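Residue numbers (the numbering used here): -9 to 281. Below you'll find the structure, written out as structure tokens, and then a few comments.
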Ligand code: GUN
């Protein structure tokens, strides 16, 4: 069993990005600029955004954090999105989710100019990705593809089972794994699938993105399979100073001995998600997707 080290892989990619930024600056080009909008004080979102700002620094990007209280109106937030759409100094921006209940997340996400949508959530980017055209690709599935490729995990003709059909992870993941060059045969299973266990038993690659801690058990996994764990549920842990720890969707202790490759939680997919956003920001700064 080989552990897939997302932390180390993400650090290597950040270094490659920083080298490219150095070259851009040496050519007299501006540093890529990422803006993050954070509404309210959700603990998870605060951590994610702080990590994104830190990653920007490590990559040599300019970053701006725009904070708003959770009483901001939808109209005010949409006006902020329009302002960023029209600001030539901003290469890409994200609106950190979740948003307060009185704001329609879909409306806000769809208001972002697709050429600045470094989260890859806009339907134009999702559509372009689906037909294999240049697109900003959602960070978590892109990070998983990078892990699979950097660890030289065979994919052509392999059966990949994606568990979970979210717009951010499961669904785009299923599309990417089926694309030319990756060439998996893909099955997407979800909460209404009747025989998840039997389908998973046939998988060469399992991507678990269902948000149920410990969902994937050893009896679901074929000997020699690769298991990618996207789950990050906070569970109570009195021994941790924070009072909680992250638990993945995979029963790691019992599944890992059967695997050829497996990602840990934390330190697997998580660090890759942020570095994928950095990759998209670099592409936005280079105007490489929308020319
Ligand atoms: N909330 C959880 N993950 C993400 C993400 O990748 N992007 C944004 N904007 N919000 C999130």
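Backbone N, C-alpha and C fix where the C-beta goes; we use that ideal spot for every residue, glycine too. The structure presented is a predicted model; accordingly, all values stated were derived computationally and were not measured.
Less than 7 Å separating the beta-carbons of residue i and residue j?
i, j, result
"residue 162", "residue -3", "no"
"residue 87", "residue 29", "no"
"residue 237", "residue 223", "yes"
"residue 239", "residue 206", "yes"
"residue 98", "residue 67", "yes"
"residue 159", "residue 177", "no"
"residue 215", "residue 193", "yes"
"residue 279", "residue 124", "yes"
"residue 133", "residue 246", "no"
"residue -6", "residue 253", "yes"
"residue 264", "residue 115", "no"
"residue 140", "residue -1", "yes"
"residue 274", "residue 71", "no"
"residue 179", "residue 189", "yes"
What residues in its chain sit with their C-beta under 7 Å from that of residue i, if we drop five residues either side in the sequence?
i, result
"residue 80", "23, 25, 74, 106"
"residue 113", "100"
I need the straight-line Cα distance from residue i to residue j, nearest angstrom please.
i, j, result
"residue 49", "residue 257", "19 Å"
"residue 137", "residue 217", "12 Å"
"residue 230", "residue 255", "15 Å"
"residue 174", "residue 156", "19 Å"
"residue 36", "residue 57", "10 Å"
"residue 208", "residue 248", "8 Å"
"residue 149", "residue 198", "14 Å"
"residue 201", "residue 144", "26 Å"
"residue 119", "residue 76", "24 Å"
"residue 128", "residue 169", "15 Å"
"residue 13", "residue 39", "27 Å"
"residue 165", "residue 110", "14 Å"
"residue 17", "residue 2", "23 Å"
What did DSSP end up calling residue i once you bin it into helix, strand or coil?
i, result
"residue 173", "coil"
"residue 211", "coil"
"residue 282", "Outside the shown range of the chain (-9 to 281) lies residue 282, about which nothing can therefore be said."
"residue 264", "helix"
"residue 86", "coil"
"residue 184", "coil"
"residue 146", "coil"
"residue 94", "coil"
"residue 198", "strand"
"residue 271", "helix"
"residue 63", "coil"
"residue 292", "The shown model of the chain, from -9 to 281, leaves out residue 292, and the question about it has no answer."
Could you pull out every residue in the same chain whose Cβ sits closer than 8 Å to the Cβ of residue i, ignoring the five residues on either side in sequence?
i, result
"residue 203", "221, 223, 225, 237, 238, 239"
"residue 15", "21, 50"
"residue 181", "200"
Among residues of its own chain, excluding the 5 on either side of residue i, which ones have a beta-carbon nearer than 6 Å to its beta-carbon?
i, result
"residue 53", "24, 43, 46"
"residue 85", "27, 98"
"residue 241", "204, 207"
What does residue i pair with, by DSSP beta-bridge criteria?
i, result
"residue 226", "234"
"residue 58", "29"
"residue 23", "52"
"residue 252", "-7, 217"
"residue 179", "153"
Beta-carbon of residue i versus every beta-carbon of chain B: anything under 7 Å?
i, result
"residue 8", "No chain B appears in this structure, which consists of one protein chain only."
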